[in-house]
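In what follows, a structure is listed as structure tokens, so that the remarks can point back to it.
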Amino acid sequence: MKNTTLLVSALFFLLLQTNDSFCQTYARNGMVSSSSKIASEVGIDILKKGGNAIDASVATAFALAVTHPAAGNIGGGGFLVFMDSTGTATTIDFREKAPLKASPKMFLDKTGNLTQGKNLYGEESTTNHIGAKSVGVPGTVAGLYMAHQKYGTLPWEDLVQPAIDIAENGFPLTWSLFQAATFFDSNSPIVFLKDYFKKDNGELIQFGELWKQPELAHTLTAIRDHGHDGFYKGDVAKEIVRFMKENEGIISMEDLNRYTAVERKPIKGAFKDYDIYSMPPPSSGGVALIEMMNLMELAVLDSIPFNSTAYVHLVAEVMRRAFADRAEYLGDTDFNVNTPIAKLTSKEFAKKRFENIDMSRASVSDSTKFGQLYDGSSTTHFSVADASGNAVSLTYTLEHSYGSGMGSTKLGFIFNNEMGDFNPKPGYTTTSGLIGTDPNLIQPEKRMLSSMTPTIVAKDGKPFLIVGSPGGRTIINTVFQTVLNVLAYNMPVDKAIEAMKIHHQWFPDGILYEKGLLSPDTAKALEKMGHMMVPIDGLGELMGIQIDADNKIMIGASDSSSPDGAAIGY
Ligand code: GLY
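The opening residue of the sequence shown carries number 9 in the numbering used here; numbering runs sequentially from there.
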């Protein structure tokens, strides 16, 4: 729902109707749910050719890098959670790394303040999100390659080729991409982004016209032919380093040559009869999700109706506590080896955290105004299930929507601005949401803390629910509520995705809620309990699949807030 307010134009409504975005999709043999219908179709084609869920994910991810450039990428990073047909789960971490020349105070001026500049939208911002210095060493190609080498079945070339074909032959520019193109043309100070959606003659591609990306096709061809090394060595790597030098970036050839993805054990938790598998650090998503589900298990949810005052209050209090712990403890565990993950995800810890929730009164983090928190297109998630019972949950990102907005015209892809996910000012935590705690300070080769929460829930040891979302720190909470809606409130995945969501992140101390989906009386009652209530148009752009093992059916769902997304099955 999210965008289905009275303000939505009839045309937009029609577009959504015709590209299946509202619908849940039923299938028996395979399902891909992503923020781009074209990319979902690419994934389904790979499944039809006999590929498994990993093969389909690799192909979908490369296709999204062409069709959903706000977040689909080869210049960023992300996480993949994989459960095979025997119920064994693993994860691949391809989060970006800080370059070797990075340092904790690299974004501060001599007086210790964060330096300021204009970002890709032409807005005033801190420089940890601006320019070539904000680019982390990209991880996507390494991660997809590792996933394929370990668990794929079809030839690598066959998985990259569909993206090359789309980039070379073009695809009709969607309305949402056209809106981005017009905005950047008029507003962006970054030349690469201004020109990104233009034809050779300098004119902007119009809605529905074919958008071709020959330079990106060329870069993808190097990746098709040389795998991991096609990006981290050779001509592509040389051009990345040249570009960085020209733009005062600090990524070197050594950074690219040294980058590797890492296979990690998932974070595992349990809620009732279900097992939950999600991403470990450097994502905070899995730990916070399990902590919150453990807390919710302690409440008598049968007596707390969905969307009631008590429900919103409890969920917000649970979020407040998990986000406080996130800020205190979480960062890249390759650097913070003593991170108490087992404690944070234990049932005993949840009991302690639950004890001081007062069901009649809001706790206090502190009070302040909300800053920018939500950027729904800043990251993207897709879910895949195949006929053999394998499942993939993959979330990847450029950090902000369109990342740093910078790129080499020879390479045709956008670089991330993921360095902005580190705590930029050591020791400086503010009530407006800036965190300065040690675990996530910048260090060379460290991975910045993420909120991405690609998740697979298992029932009887087999994939049952595959889900994830974009949205910065809101990701953790939208995935949490979707999982809760299915496991505790028995909603089917499509209803769970569309249902009202809230967001609380400790600081700022208030509840973002989806206006139109929460009754004004409930919002008033929550205010009386001491909560600051902040309405927002929508939260999350969830892409999910639920597997009904009894009926051997897959139910795919694409959040209606996704203008170009679709769940496609066969
Ligand atoms: N850049 C968004 C995240 O990693 O959480």
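From the three backbone atoms N, C-alpha and C, an ideal C-beta is built for every residue, glycine too.
This one's a predicted model, so the numbers in the text were calculated from it and none came from an experiment.
- Positions of the alpha helix (DSSP H) runs, each at least 4 residues long and wholly inside the region 473–549, are given as 482–495, 501–506 and 528–536 in order along the chain.
- Just measuring C-alpha positions, the residue of 232, 305, 207 and 410 sitting nearest residue 221 is 207.
- At a threshold of 7 Å, residue 407 counts as near the ligand GLY, since its beta carbon sits closer than that to one of the ligand's heavy atoms.
- Burial state of residue 440 is exposed, judged by a 10 Å Cβ sphere holding fewer than 16 other Cβ atoms.
- For residue 287, the distance from the CB to the nearest heavy atom of the ligand GLY is not below 7 Å.
- Under the DSSP assignment, residue 277 falls outside any alpha helix (DSSP H), being part of the beta strand (DSSP E) whose first and last residues are 275–279.
- Remark: the shortest separation between the CB of residue 460 and any heavy atom of the ligand GLY falls under 7 Å.
- At a threshold of 7 Å, residue 208 does not count as near the ligand GLY, since its beta carbon sits no closer than that to any of the ligand's heavy atoms.
- In chain order, 153 and 164 place their CB closer than 7 Å to the CB of residue 235, counting only its own chain and leaving out the 5 sequence neighbours on each side.
- Going by DSSP, residue 126 is part of the beta strand (DSSP E) stretching over 124–126.
- For residue 521 and residue 197, the gap between their C-alpha atoms comes out near 33 Å.
- Between the region 124–134 and the region 298–307 there are fewer than three C-beta pairs closer than 8 Å, too few to call the two in contact.
- Here DSSP, grouped into helix, strand and coil, assigns residue 272 to strand.
- Taken atom to atom, the span from the alpha-carbon of residue 399 to that of residue 103 is near 20 Å.
- Annotation for residue 137: no alpha helix (DSSP H) segment contains it, and DSSP assigns it neither H nor E.
- Beta-bridge partners of residue 85 (DSSP): 405.
- According to the DSSP assignment, residue 327 belongs to the alpha helix (DSSP H) that extends over 317–337.
- Bridge partners of residue 552 according to DSSP: 475 and 565.
- Taking C-beta separations shorter than 7 Å and ignoring five residues to either side along the sequence, the partners of residue 49 in its chain run 576, following chain order.
- Taking the Cα positions, residue 215 is about 6 Å away from residue 182.
- Residue 447 and residue 105 have their C-alpha atoms roughly 15 Å apart.
- Assignment of residue 577 by DSSP, reduced to helix, strand and coil, places it in the strand class.
- A distance below 8 Å separates the beta carbons of residue 146 and residue 85.
- Counting along the chain, no beta strand (DSSP E) covers residue 51; the unbroken alpha helix (DSSP H) around it starts and ends at 45–56.
- Scanning its chain for C-beta atoms nearer than 8 Å, with the 5 sequence neighbours on each side dropped, one finds around residue 212 the residues 189, 190, 193, 205 and 206, in chain order.
- Distance between residue 81 and residue 366, taken at the CA atoms: about 44 Å.
- Counted as a single uninterrupted DSSP element, the stretch harbouring residue 234 is not any beta strand (DSSP E) but the alpha helix (DSSP H) occupying residues 222–234.
- Taking 7 Å as the cut-off, the C-beta of residue 483 counts as close to a heavy atom of the ligand GLY.
- According to the DSSP secondary-structure assignment, residue 219 is paired through a beta bridge with 179.
- According to DSSP, residue 38 shares a beta bridge with 394.
- Out of 402, 509, 517 and 515, the CA that lies nearest to the CA of residue 527 is found in 509.
- In the structure shown, residue 436 adopts coil according to DSSP, grouped into three states.
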